[in-house]
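**Q** Protein chains in written order, with our numbering: chain G, 1 to 104; chain Z, 105 to 208; chain V, 209 to 312; chain E, 313 to 416.
Number of protein chains: 4
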Amino acid sequence: MSEIKYLAKQLAQFSDERDWGRYHNPKNLTMALINEAGELIEHFQWRTPEECEQLDDQTKEAVRLELADVFIYLVRLADRLEVDLFKASQDKLVINARKYPAQG
Amino acid sequence: MSEIKYLAKQLAQFSDERDWGRYHNPKNLTMALINEAGELIEHFQWRTPEECEQLDDQTKEAVRLELADVFIYLVRLADRLEVDLFKASQDKLVINARKYPAQG
Amino acid sequence: MSEIKYLAKQLAQFSDERDWGRYHNPKNLTMALINEAGELIEHFQWRTPEECEQLDDQTKEAVRLELADVFIYLVRLADRLEVDLFKASQDKLVINARKYPAQG
Amino acid sequence: MSEIKYLAKQLAQFSDERDWGRYHNPKNLTMALINEAGELIEHFQWRTPEECEQLDDQTKEAVRLELADVFIYLVRLADRLEVDLFKASQDKLVINARKYPAQG
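1) How big is the Cα-Cα spacing for C364 of chain E and R376 of chain E?
2) Ignore the nearest five residues each way along the sequence and tell me which others in E170 of chain Z's own chain have a CB closer than 6 Å to its CB.
3) Within the region 22-54 of chain G, note down every full alpha helix (DSSP H) run reaching 4 residues or more, in order along the chain.
4) Using a cut-off of 7 Å between C-beta atoms, extract the partners of I346 of chain E located in chain Z.
5) Quick one: what does DSSP say Q13 of chain G is sitting in, helix, strand or coil?
6) Can you tell which of Z:E121, Z:A172, Z:N129 and Z:N139 has the C-alpha that lies nearest to the C-alpha of E82 of chain G?
7) For the pair the region 173-185 of chain Z and the region 127-143 of chain Z, tell me if three or more CB-CB distances fall below 8 Å.
8) Please decide whether A220 of chain V counts as near chain E, where near means a Cβ-Cβ distance under 9 Å.
9) Mind listing the chain E neighbours of I41 of chain G? Cutoff is C-beta to C-beta under 9 Å, in chain order.
10) Does any residue of chain Z have a CB that is nearer than 9 Å to the CB of F252 of chain V?
11) Among residues of its own chain, excluding the 5 on either side of V387 of chain E, which ones have a beta-carbon nearer than 8 Å to its beta-carbon?
12) Taking 9 Å as the threshold (beta carbon to beta carbon), is D368 of chain E in contact with chain V?
13) Just checking: is the beta-carbon of P153 of chain Z within a distance shorter than 9 Å of some beta-carbon in chain E?
14) Just verifying my parser: in three-state terms, what is the DSSP assignment at L171 of chain Z?
15) Does any CB atom of chain G fall closer than 9 Å to the CB of R168 of chain Z?
16) Whose Cβ in chain Z lies nearer than 8 Å to the Cβ of S2 of chain G?
17) What whole-angstrom Cβ distance do W20 of chain G and N340 of chain E have, given they're in contact under 8 Å?
18) Starting from the Cα of P361 of chain E, find the closest Cα among V:F222, V:E258, V:N233 and V:L301 and give me that residue.
19) Counting only Cβ pairs nearer than 8 Å, list the residues of chain V close to R330 of chain E.
20) Whole-angstrom Cβ separation of F356 of chain E and T238 of chain V, contact assumed at under 8 Å?
21) Between Z:R184, Z:D160, Z:M105 and Z:T163, which has its C-alpha nearest Q54 of chain G's C-alpha?
22) Would a C-beta distance cut-off of 9 Å place Q311 of chain V and E373 of chain E closer than the cut-off?
23) Give the single residue among V:Y281, V:A286 and V:S297 whose Cα lies nearest to the Cα of S401 of chain E.
24) How big is the Cα-Cα spacing for A201 of chain Z and K191 of chain Z?
Written out as structure tokens, the structure is:
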């Protein structure tokens, strides 16, 4: 099983065990997703682009866990919408490659 | 190679071929990530929770490609920060399980 | 009447004339607000901090109208929640002044 | 002086007294704005639309202060970009009225 599908299964079980199904509808999950993206932003908003590349260890770990939160809600939302994230990313890259042809 | 690592490689190459490296710093990528999360929100903001579960085919496809965009920037950002998204999600789930113990 | 209260009245009337009341509930309006904030971000995400201070005229006008959209949804949301935005800002500034005392 | 201009002056002085000018550039302020919008979302994401209309007093006060934060960064950002928020909102309403004509 792919990592994404494995995580989706874990999250469905995690939700079931806590009776969170009624909260985890697509509308709510898009809100949770952007809320976590906003928490991620907080670590970068007052730092210069250069400082953002050289985070101290404590901030790095906080950022790592915020990225995890975004990933978790993204995978949960995609699962609830029956979207295959990897397949979708491959389809989007084809569109992007057409839209922004490589120079050369 | 896992799907996430495969996509990270694709995105690094896509960026290199277009000389986008200077744009793809962590500060900018967090902004791009939340911008895409905001575009996702647009499809859900005026719909009731029930309507959000029964999207028409055209909206479904648009949502699928927005999810792809969020995923693409998340994977690109994690790669630039040298974060293993799957490992981070597993670490976060351990924290969450402690914070929200299952009933029973 | 203050500008904010005047705008709130305009927006209530605008909504009534279009029968948008059922869409303009607080949950939906927070989503519309962050969606507009995300559209604002788009103009700044690939520009350096320096470039963001020297926008061309066309981008400036686009940014001005995005700021208007954020303002419109913020005022509409505050109105629906019966929050006096100016009074709230004054209360928040007192809290902030205590949290971050001025040096000197 | 209008409330918005009064607040903009207060914020400029607040920033000057703390030597925050170098942090308060437009790029950073758009990030702070959306971060606060994300904190606002958190209060609404797991509540039904109906529950969002009947917040308890503690949540109401927390929401009021989050709205203040969004307003503060919006006014600060507009001031840094030399945008007149009220004028911009009036211009935007003209555009919206043309785009969405009232029925009747």
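C-beta atoms are modelled at their ideal positions from N, C-alpha and C, and glycine is treated no differently.
**A** A quick look at the data gives this:
1) Going by the C-alpha atoms only, they are around 13 Å apart.
2) For E170 of chain Z, where only same-chain residues beyond five positions count, the Cβ hits under 6 Å are E143 and L144.
3) Complete alpha helix (DSSP H) runs here, min 4: 26-42.
4) Result: I138.
5) Q13 of chain G: helix per DSSP, three-state reduction.
6) Sorting Z:E121, Z:A172, Z:N129 and Z:N139 by C-alpha distance to the C-alpha of E82 of chain G places Z:A172 at the top.
7) The region 127-143 of chain Z and the region 173-185 of chain Z touch, with three or more beta-carbon pairs separated by less than 8 Å.
8) So no, A220 of chain V is outside the interface.
9) Under a criterion of Cβ atoms nearer than 9 Å, the residues of chain E adjacent to I41 of chain G are, in order, M343, A344, I346, N347 and G350.
10) So, interface residue.
11) Cβ neighbours of V387 of chain E beyond the five flanking positions: I316, L319, A320, L323 and L397.
12) So, not an interface residue.
13) Taking Cβ atoms only, chain E reaches closer than 9 Å to P153 of chain Z, which makes this a yes.
14) Residue state for L171 of chain Z is assigned as helix, using DSSP reduced to three classes.
15) Answer yes: the Cβ-Cβ gap between R168 of chain Z and chain G drops below 9 Å somewhere.
16) Residues of chain Z whose Cβ lies closer than 8 Å to the Cβ of S2 of chain G are, in chain order, S106 and E107.
17) Their Cβ separation, rounded to whole angstroms, is 35 Å, which puts W20 of chain G and N340 of chain E out of contact at 8 Å.
18) Selected option, being the one with the closest Cα: V:N233.
19) Within 8 Å Cβ-Cβ: Y308, A310 and Q311.
20) Approximately 5 Å separates the beta-carbon atoms of F356 of chain E and T238 of chain V; this is inside 8 Å, confirming the contact.
21) Of the candidates Z:R184, Z:D160, Z:M105 and Z:T163, the one whose C-alpha sits nearest the C-alpha of Q54 of chain G is Z:R184.
22) Judged by their CB atoms, Q311 of chain V and E373 of chain E are not nearer to each other than the 9 Å cut-off.
23) With respect to the C-alpha of S401 of chain E, the residue from V:Y281, V:A286 and V:S297 having the closest C-alpha is V:Y281.
24) Cα-Cα distance, rounded: 16 Å.
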